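To keep things clear, I will list the structure first and then write my remarks on it.
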Amino acid sequence: MNPLKMSDLVNFNNRTMEQILSVDNKLIHFKLNEGANCWQTRTSINNVDLEIEIDFQFHKEKEVNWDRFRGFYAFVNKEERLKKLIDDSQNLVNELGKAFYRESANEVLDYKMEFANSIFYNGKTDGAFIKDGYSYSLIFNYFAKRDNGTYGDEYGLYLVDIENHFIVGTRRYQC
Numbered sequence: 286m287n288p289l290k291m292s293d294l295v296n297f298n299n300r301t302m303e304q305i306l307s308v309d310n311k312l313i314h315f316k317l318n319e320g321a322n323c324w325q326t327r328t329s330i331n332n333v334d335l336e337i338e339i340d341f342q343f344h345k346e347k348e349v350n351w352d353r354f355r356g357f358y359a360f361v362n363k364e365e366r367l368k369k370l371i372d373d374s375q376n377l378v379n380e381l382g383k384a385f386y387r388e389s390a391n392e393v394l395d396y397k398m399e400f401a402n403s404i405f406y407n408g409k410t411d412g413a414f415i416k417d418g419y420s421y422s423l424i425f426n427y428f429a430k431r432d433n434g435t436y437g438d439e440y441g442l443y444l445v446d447i448e449n450h451f452i453v454g455t456r457r458y459q460c
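Add 285 to a position in the sequence shown, counting from 1, and you land on the number used in this note's numbering.
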């Protein structure tokens with residue numbers, strides 16, 4: 286694990302662990318959710334309010350490299366990059382929803398995939414596509430309009446996997 290810098294703070298307040306980072310003149314407060322085994326924060330990037338999770342089920346390293354996270358945050362905070370990635374992901378995730386629900390297409394009158402304002406930060410890329418980059422997933426939700434109401438997929442997350450600014454795949458994750 287990297288040594289703490291003056292801009293970092295770890296508190297053990299009522300058994301709550303917190304990591305406070307200074308990135309681009311902004312303080313980001315991560316809290317450790319021990320039950321979910323992840324770090325969580327709410328922040329804003331390019332005027333998009335979102336939750337960022339570092340979930341150890343998806344994270345590629347045993348420990349969080351907070352310096353690498355600072356680099357990731359600065360990377361997606363440039364040139365409206367996050368908004369462009371969300372827009373570019375929309376068609377791909379729509380096709381995933383269509384493929385997943387193809388058996389019940391006659392039941393689904395109208396559906397949409399909506400960005401959940403959430404990101405899984407997965408750490409360093411594994412080098413298969415990009416060496417020494419950032420791996421993360423945008424999270425989308427599925428909503429369908431049916432005769433008797435509107436329903437979401439309460440058991441699945443729809444993820445668009447990204448390495449740096451390249452979309453490398455999409456998948457449904459069963460919760």
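Glycine included, every Cβ here is placed at the ideal spot set by N, Cα and C. Owing to the predicted nature of the structure, the values given are computational and were not obtained by experimental measurement.
query                                                                                                  : result
Residue nearest to Trp351 in terms of C-alpha spacing, selected from Asn402, Ala321, Lys368 and Leu306 : Leu306
Option nearest Tyr358 by Cα separation, candidates Lys383, Leu312, Glu439 and Asp340                   : Leu312
Alpha-carbon spacing of Asp334 relative to Lys409, whole angstroms                                     : 24 Å
Under 8 Å between C-beta atoms of Ile404 and Leu423                                                    : yes
Rounded separation between Gln304 and Glu348 - CA only                                                 : 13 Å
Candidates Ala401, His314, Met398 and Cys323, of which the one nearest Glu346 by Cα                    : Cys323
Cutoff 8 Å; reference Leu444; Cβ partners in own chain excluding five residues on either side          : Phe405, Ser422, Leu423, Ile424, Phe425, Thr455, Arg456, Arg457 and Tyr458
CB of Asp373 within 8 Å of CB of Ile452, strictly                                                      : yes
Reduced DSSP secondary structure (H/G/I, E/B, other) of Lys416                                         : coil
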